[in-house]
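In what follows, a single structure is set out as structure tokens and then discussed.
And the structure:
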């Protein structure tokens, strides 16, 4: 890993321990994991779009690293729920990953608006939240989220959830 641990001890005074670890950005850390697409046998197809609504820039950077590993998946990001709703209406993504704790409008309110809009009503929405108690997960699933994932992101679980909803692009799902 390239780090080291050292110590310096002085009798009757004390010991100092030092730990040095190399620094990597979130994107570098993600891309170093072995072949994400092979972890769960992703069935993603060309032309998918994922919208991530999240107000934390670090989490957005992490998601960018994850989605870069998925060939042919376009990532749209919104740092505010209002922007996220506008992007959802304009682009009709194939899946939305939605933070619960957002400014001005929480994830449950965003989900309600998505489900009340004809163009976004059929889009699978995956909750991604730091609220990880069983009652939180139950509340999310009862509200209509397709999956409720907890932070920190577990790569295998995230990719399995994405894989389960990316059967065919939304724009093809509801043609009559």
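Residue numbers (the numbering used here): 1 to 176. Positions of the beta carbon are idealized from the N, C-alpha and C atoms, including for glycine.
Considering only residues of the same chain and omitting the five flanking positions on each side of residue 6, which have a CB-CB separation below 6 angstroms? Walking along the chain shown from the start, residue 6 turns up at place 6. For residue 6, where only same-chain residues beyond five positions count, the Cβ hits under 6 angstroms are 18.
Three-state secondary structure (DSSP) of residue 10: Mapped onto the chain shown, residue 10 falls at position 10. Strand.
Taking the beta carbon of residue 10 as the centre, do at least 16 other beta carbons fall within 10 Å, making it buried, or is it exposed? Along the chain shown, read from residue 1 onward, the residue named residue 10 stands at position 10. Flag for residue 10 reads exposed.
For residue 179, which option in 120, 133 and 110 has the closest C-alpha, if you only look at C-alpha atoms? The shown model of the chain, from 1 to 176, leaves out residue 179, and the question about it has no answer.
Beta-carbon separation of residue 145 and residue 66 under 8 angstroms? Numbered from its first residue, the chain shown carries residue 145 at position 145. Numbered from its first residue, the chain shown carries residue 66 at position 66. Result no, Cβ atoms of residue 145 and residue 66 do not sit closer than 8 angstroms.
Chain-order list of residues whose beta-carbon lies under 7 angstroms from that of residue 132 (same chain, five-residue window excluded): The residue labelled residue 132 in the question sits at position 132 within the chain shown. Correct list, in chain order: 150.
To the nearest angstrom, how far is the alpha carbon of residue 71 from that of residue 166? Stepping through the chain shown from its first residue, residue 71 is reached at position 71. Stepping through the chain shown from its first residue, residue 166 is reached at position 166. Using only the alpha carbons, I get a separation of about 13 angstroms.
For residue 148 and residue 99, the rounded distance between their alpha carbons: Locating residue 99 in the chain shown gives position 99, where the first residue counts as 1. Locating residue 148 in the chain shown gives position 148, where the first residue counts as 1. Those two C-alpha atoms are separated by around 10 angstroms.
Would you mind sorting residue 57 into buried or exposed? The rule is 16 or more other CB atoms within 10 Å of its CB. Mapped onto the chain shown, residue 57 falls at position 57. The residue is exposed, with fewer than 16 neighbouring Cβ atoms inside 10 Å.
Would you mind reading off the limits of the beta strand (DSSP E) that contains residue 78? The count along the chain shown starts at 1 and reaches residue 78 at position 78. Here the beta strand (DSSP E) through residue 78 covers 73-78.
So, are the CB atoms of residue 50 and residue 95 less than 8 angstroms apart? Start at 1 with the first residue of the chain shown, and residue 50 comes out as number 50. Start at 1 with the first residue of the chain shown, and residue 95 comes out as number 95. Cβ distance < 8 angstroms, so residue 50 and residue 95 count as in contact.
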